[in-house]
Amino acid sequence: MNKITERLRQYWLLARFDKPIGIFILLWPTLWALWIAGNGRPDGLVLTVFVAGVVLMRAAGCVINDYADRDFDPHVDRCKQRPIAAGRVTPKEALLVFAALCLTAFGLVLLMNWYTIALSFVGAFLAASYPFMKRYTHLPQAYLGAAFGFAVPMAFAAQTNSIPLVGWVLYLAVLLWALVYDTMYAMVDIDDDLKIGVKSTAILFGSRVREITGGLQVVILGLLVWIGTRQQLAWPYYAGLLAATGFAVYQQTLIFHFDKPNCFKAFLNNNWFGLAVFAGLVLAYL
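Per the working numbering, residue 1116 is the first one in the sequence shown, and the count goes up by one each step.
In structure tokens, the structure reads:
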């Protein structure tokens, strides 16, 4: 029994259930989409399926990421104690865990309409292929945004059986947001990534990373303002965006000196950015 418990604990760590920040950062834009698509009253089943799906697919993404990076992680200080890198979980076990998580998530998607089911294959492909992009492009963070943000069009499809223009604009905003926060995350590993030959936007942007991420944050907030005017949302939504702007400014102060612990704090602070936008949405619809 102790051996089984230990295996399950290692799988739990592999899926990063012990670090729920990633779940929240993925959950907020999904909730944004569900609230907008449902005019503040998302369908209960759709809401349940998507919240569970976020938890499962974030876990699956962590597993396949560690599988893809199994030869790199032992050389990265922040990653070398992860279960595969440390030899506590085999690559074959990781693939089995990944398959189990994806199949469970797909079982939930089968409760949705056919449009959402069809879109789920695109989302699954993006999520499974993302970890390999850092070998071929300096823009893996943009690909991450495309993968993690795909819950947005899926949410509109599940709720309304269509994806209106506002859904695609929100998808773009979420894609750019992921690019920003994952660039902040990549700034923590930039020395190790340069050493082992892994590509990232943190490396691509170089000394201009602050200006570029700051500019992208302005674009993101502009897109969210456009969505608010398009949907004729009440003033609490804009109060939420004002709070989110404050968090974005704070993140820029954290990364200003390229200090790695503060860059990681900036990444974590994006949880509050997402919560601020969602709180504004909820209050606006009330």
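The beta carbon of each residue, even a glycine, is placed where N, CA and C say it ideally should be.
Residue nearest to ASP1188 in terms of C-alpha spacing, selected from PRO1135, CYS1217, LEU1129, ALA1167
In this structure, LEU1129 is the residue among PRO1135, CYS1217, LEU1129, ALA1167 with its C-alpha nearest to the C-alpha of ASP1188.
If PHE1213 and ALA1262 are in contact, beta carbons under 8 Å, what's the gap, nearest whole angstrom?
Incorrect: roughly 14 Å between the Cβ atoms, too far for contact.
Counting Cβ pairs closer than 8 Å, one from the stretch 1246-1261 and one from the stretch 1216-1235, do we hit at least three?
Short answer: they don't touch.
For ALA1270, tell me which candidate among PRO1144, VAL1334, PHE1247 has the shortest Cα-Cα distance.
The alpha carbon of ALA1270 has as its nearest neighbour, out of PRO1144, VAL1334, PHE1247, the alpha carbon of PRO1144.
Which stretch, first to last residue, makes up the alpha helix (DSSP H) that contains ARG1124?
Segment 1117-1129, the alpha helix (DSSP H) holding ARG1124.
Delimiting residues of the alpha helix (DSSP H) encompassing TYR1251:
Here TYR1251 belongs to no alpha helix (DSSP H), and DSSP marks it neither H nor E.
Between ARG1418 and the rest of its own chain, which residues show a CB-CB distance below 7 Å, the 5 nearest in sequence each way excluded?
The question about residue 1418 has no answer, for the chain in this structure spans 1116 to 1401.
Let me know if TYR1300 comes out buried or exposed under the rule of 16 or more other beta-carbons within 10 Å of its beta-carbon.
TYR1300 comes out buried.
Hey, out of LYS1375, ILE1232, PHE1393, whose CA is closest to LEU1142's CA?
Residue PHE1393 is the option with its Cα nearest to LEU1142.
In the stretch 1282-1346, which residue ranges form an unbroken alpha helix (DSSP H) of at least 4 residues, counting only runs that do not cross its ends?
Listed in chain order, they are 1305-1311, 1316-1320, 1324-1345.
Buried or exposed for VAL1170, please, with buried defined as at least 16 other CB atoms from any protein chain shown within 10 angstroms of its CB.
The residue in question, VAL1170, is buried, as its Cβ has 16 or more Cβ neighbours within 10 Å.
Delimiting residues of the alpha helix (DSSP H) encompassing ILE1179
Where ILE1179 is concerned, the enclosing alpha helix (DSSP H) starts and stops at 1159-1183.
Comparing alpha-carbon positions, which option in TYR1365, VAL1397, GLY1202 lies nearest GLY1355?
Distances from the alpha-carbon of GLY1355 to those of TYR1365, VAL1397, GLY1202 put VAL1397 closest.
Tell whether a beta-carbon distance below 9 Å holds between PRO1198 and LEU1234.
Result no, Cβ atoms of PRO1198 and LEU1234 do not sit closer than 9 Å.
Please report how far the alpha carbon of LEU1309 lies from the alpha carbon of VAL1191, in whole angstroms.
The straight-line gap from Cα to Cα measures roughly 11 Å.
Let's see if you can read the secondary structure: which residues bound the alpha helix (DSSP H) around SER1244?
Per DSSP, the unbroken alpha helix (DSSP H) holding SER1244 starts and ends at 1229-1244.
Specify the secondary structure class of ALA1215 as computed by DSSP and reduced to three states.
In the structure shown, ALA1215 sits in a helix (DSSP, three-state: H, G or I).
Whose CA, out of ARG1131, PHE1221, GLY1153, GLN1196, lies closest to the CA of ILE1179?
The residue with the shortest Cα to Cα distance from ILE1179 is ARG1131.
When the distance is taken between beta carbons, is LEU1336 closer than 9 Å to THR1360?
Cβ atoms of THR1360 and LEU1336: closer than 9 Å.
Output yes or no for whether 9 Å exceeds the beta carbon distance between GLY1389 and PHE1139.
Their beta carbons are under 9 Å apart, which means GLY1389 touches PHE1139 by this criterion.
Check whether the Cβ atoms of TRP1387 and PHE1362 sit closer than 9 Å, and answer yes or no.
Using a Cβ distance threshold of 9 Å, TRP1387 and PHE1362 count as a contacting pair.
Please work out which residues of its chain come closer than 7 Å, Cβ to Cβ, to ALA1167, disregarding the five sequence neighbours upstream and downstream, and give them in chain order.
Annotation for ALA1167: LEU1223 place their beta carbon closer than 7 Å to its own, counting only its chain and skipping 5 residues before and after.
Span of the alpha helix (DSSP H), counted from its first residue to its last, around VAL1397
Unbroken alpha helix (DSSP H) run through VAL1397: 1375-1400.
In chain order, what residues of the same chain lie with their CB nearer than 7 Å to the CB of GLN1332, ignoring the 5 residues before and after it?
Take GLN1332, set aside five residues on each side of it, and the residues of its chain with a beta-carbon closer than 7 Å to its own are VAL1295, ALA1363, in chain order.
DSSP on VAL1267, reduced to helix/strand/coil?
Three-state result, VAL1267: helix.
Could you name the residues of the same chain whose beta carbon sits closer than 6 Å to that of GLN1366, not counting the 5 residues immediately before and after it, in chain order?
Taken in chain order, the residues that qualify are ALA1381, ASN1384.
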